[in-house]
Amino acid sequence: MAFSLLPRQGLYRPIPRSLATISRLSIARAQCRKINTGTEIPSPVVFNIHMPTKATQSRDVTLGALKQSLERDEAIRRNSNIHDTALVLTSPGLARLVCDDGFLTGLVKTISCSPRKDGVFNLLVGVADRIAGHPNKNGKRYEEGIAVCRGNLQLIPNLWKELPPKQKEDSDATSALQFLDFSGSSVTLPLSNTIFNNNKQSTLIAAQYDISGPSPKLIKKKETYTQDIILPADSRAGTLLPLTALTPSRVVTQSFGNIVRAVECYGEDTPASTELEAVVENVWKIRNESDQSPFPMYAFITPEGAPSLSPPDVGRFGDPTLEPKTLRKEILQNNQYFDEAMRNGGRLYQLLSGGGGWGKKKGLLSLDPQTSHFSLSEEDQLANFFQGGADSGFAPVGSSIQFFAPHPSVRKPLPGPFTFGVVGSGDDLPEIEDTMSVSVGHHFVALSNKAVFLHSTKLKGSILGEVGSSMKLSVPDSRVFLATGRPNEADTSDLGTAGLLMPDILMPPDLDIF
Numbered sequence: 001m002a003f004s005l006l007p008r009q010g011l012y013r014p015i016p017r018s019l020a021t022i023s024r025l026s027i028a029r030a031q032c033r034k035i036n037t038g039t040e041i042p043s044p045v046v047f048n049i050h051m052p053t054k055a056t057q058s059r060d061v062t063l064g065a066l067k068q069s070l071e072r073d074e075a076i077r078r079n080s081n082i083h084d085t086a087l088v089l090t091s092p093g094l095a096r097l098v099c100d101d102g103f104l105t106g107l108v109k110t111i112s113c114s115p116r117k118d119g120v121f122n123l124l125v126g127v128a129d130r131i132a133g134h135p136n137k138n139g140k141r142y143e144e145g146i147a148v149c150r151g152n153l154q155l156i157p158n159l160w161k162e163l164p165p166k167q168k169e170d171s172d173a174t175s176a177l178q179f180l181d182f183s184g185s186s187v188t189l190p191l192s193n194t195i196f197n198n199n200k201q202s203t204l205i206a207a208q209y210d211i212s213g214p215s216p217k218l219i220k221k222k223e224t225y226t227q228d229i230i231l232p233a234d235s236r237a238g239t240l241l242p243l244t245a246l247t248p249s250r251v252v253t254q255s256f257g258n259i260v261r262a263v264e265c266y267g268e269d270t271p272a273s274t275e276l277e278a279v280v281e282n283v284w285k286i287r288n289e290s291d292q293s294p295f296p297m298y299a300f301i302t303p304e305g306a307p308s309l310s311p312p313d314v315g316r317f318g319d320p321t322l323e324p325k326t327l328r329k330e331i332l333q334n335n336q337y338f339d340e341a342m343r344n345g346g347r348l349y350q351l352l353s354g355g356g357g358w359g360k361k362k363g364l365l366s367l368d369p370q371t372s373h374f375s376l377s378e379e380d381q382l383a384n385f386f387q388g389g390a391d392s393g394f395a396p397v398g399s400s401i402q403f404f405a406p407h408p409s410v411r412k413p414l415p416g417p418f419t420f421g422v423v424g425s426g427d428d429l430p431e432i433e434d435t436m437s438v439s440v441g442h443h444f445v446a447l448s449n450k451a452v453f454l455h456s457t458k459l460k461g462s463i464l465g466e467v468g469s470s471m472k473l474s475v476p477d478s479r480v481f482l483a484t485g486r487p488n489e490a491d492t493s494d495l496g497t498a499g500l501l502m503p504d505i506l507m508p509p510d511l512d513i514f
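Take the sequence shown: its position 11, counted from the start at 1, is 11 in full-length UniProt numbering, and no numbers get skipped.
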């Protein structure tokens, strides 16, 4: 049985690069260290505001919701009189307002608490696919939202530095933001395609204002396509992947490029897709007739010689009798494995296509080779090819491979304050019909419809555990957490005087974030 997971794009595709080079990230890390140790830099503040669609149809209503949130919560007003910069992400429903100079002026006035004598305020505003919130007591969600990170210009280094033009290969790529923390972890968040919202392929605007007078006055403004955001926290980044195992872990015996040809199964070389095909066929048999939609599948690759970890047991994917509590326990146990395995070289890849076939093509599986949002130059692609040799750089012979599928509607905790991820079916809750808005302090949560990209710039404590390593994360409902405030590798306090402001009382552990 052959299966196609995505439209076939051929077995081989150009190997893209990370959004930022190691040298660029090293500069960003140095900037992050300066922020962490420099007590003269005031703490940034983050918060989300969620609102129904009706509340975004008016500039005044949207700004009013933002103003009310600032007035209600003293913590998110803290340091507002000395902050000079803000990063603001909105949902697509606000994309037209973002291009309105009057809205941006009002946004700066509200966030900066102007007028102020010191004068200048910088704004970077973009449109993401989803500003995530949590459902209300009736299980309904807020359609639109705004995420705000207010601090000082060191958080957005080189904001006014001119960037080179996009490469030709990236002409269709949306703008993107890269969030870096001091642990050496970074997350690239592709922004939304806003062509049908404001006639722009994507929206990322930088503006600077004079706020010394009664109303902010625009000094300069530009559109851009990428920007680093430095998070002043030396903490342990983490992920939540709602995946359940479809097969046991097997050793790869034949591979090339992003193609897995064969695995060892019960002591024999077996076409890579054989065991998976049987599992998929069984899933279709046990799933309800009302749940016959296709589902993505993923391969988790563990390098040969990695520390011995017990791979997850095969789960009960597709079983309609599986209790949510049992599923949640399984997902959390699997994530303990993913967290440790990724820090020791383990990588997750979506299966693009495979199965079926005959002869040498029988049972081939194609892994998604994309590891970054923007592409590599031809020279770097060629260098990577020769460095990789004949063996696969994705699933080398001798490595272990295990197949997984995502479970929808898994409860997602909110450790915050910076959370990124991928939209999933759990986000498709009924929309709230009234015009009331709600704020969630101390959290900045934004999602992509397709994928986010992880990158590590140093070995110890980073999310992927290898310098220069990158990974695409496209699992629906997955989450990545940065600047969590958790202990660092030395079990010492990692936020300090320049750390992110956290609530006095931590949010309940069962609070869902959608």
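Idealized CB from N, CA, C, for every residue including glycine.
Asked	Found
Residue closest to L464, alpha-carbon to alpha-carbon, out of G345, G315, V108 and V480	G345
G354, buried or exposed, once every other Cβ within 10 Å from all chains shown has been counted against 16	buried
Separation of E268 from V127, as counted between CA atoms	51 Å
Helix, strand or coil at F295 according to DSSP, with G and I counted as helix	coil
Test item: CB-CB of T244 and A405 under 9 Å	yes
Same chain, Cβ closer than 8 Å to L153, neighbours up to 5 away in sequence not counted	D84, T85, N122 and L159
Per DSSP, cross-strand counterpart(s) of I229	F179
C-alpha distance - L231 paired with E281, whole-angstrom precision	45 Å
Spatially closest choice to N449 from A132, R59, P44 and R78, by CA coordinates	A132
Where S293 falls, given that 16 or more other Cβ within 10 Å makes a residue buried	exposed
Segments assigned beta strand (DSSP E), at least 3 residues, entirely inside the segment 323-372	347-355 and 365-367
Span of the beta strand (DSSP E), counted from its first residue to its last, around T270	E268 to P271
Distance, V279 Cα to G315 Cα	11 Å
P296 versus Q68, L107, K109 and L473, residue with shortest Cα-Cα distance	L473
From G441, L89 and F453, residue whose alpha carbon lies closest to that of E71	G441
Residue of S202, V251 and S399 minimising C-alpha distance to T270	V251
Cβ distance (whole Å) where S470 is taken to contact F453 below 8 Å	6 Å
Limits of the alpha helix (DSSP H) - the one that G106 falls within	D101 to S112
L367 beta carbon less than 9 Å from that of I259	yes
Distance, H50 Cα to E340 Cα	34 Å
CB-CB length for I301 against Y349, believed under 8 Å	7 Å
As assigned by DSSP and simplified to three states, the class of P190	strand
Cβ pair P92, D129 closer than 9 Å	yes
Residue interval of the alpha helix (DSSP H) (run including E277)	T274 to I286
Endpoints, beta strand (DSSP E) assigned at R261	I259 to C265
Start-to-end residues for the alpha helix (DSSP H) that takes in T62	R59 to R72
Per-residue burial, N199 [other beta carbons within 10 Å of its own, 16 or more giving buried]	exposed
Residue range of the unbroken beta strand (DSSP E) whose run includes R250	R250 to F256
Nearest-angstrom Cβ-Cβ length linking T90 and I146, presumed shorter than 8 Å	5 Å
Among P242, T174 and R78, nearest to F374 - alpha-carbon criterion	T174
Identity of the residue in T321, K217 and S186 nearest V283 by Cα	T321
Top-ranked residue by Cα proximity to L163, from T226, P157 and I156	T226
Rounded separation between I421 and P190 - CA only	As written in the sequence, residue 421 is Gly, which differs from the Ile given in the question. Approximately 10 Å between the Cα atoms of the pair.
Alpha carbon of R343 to alpha carbon of S186, nearest angstrom	14 Å
Counted within 10 angstroms of its Cβ, other Cβ atoms place Y209 as buried (16 or more) or exposed	buried
Between the CA atoms of T188 and Q178 - distance to the nearest angstrom	4 Å
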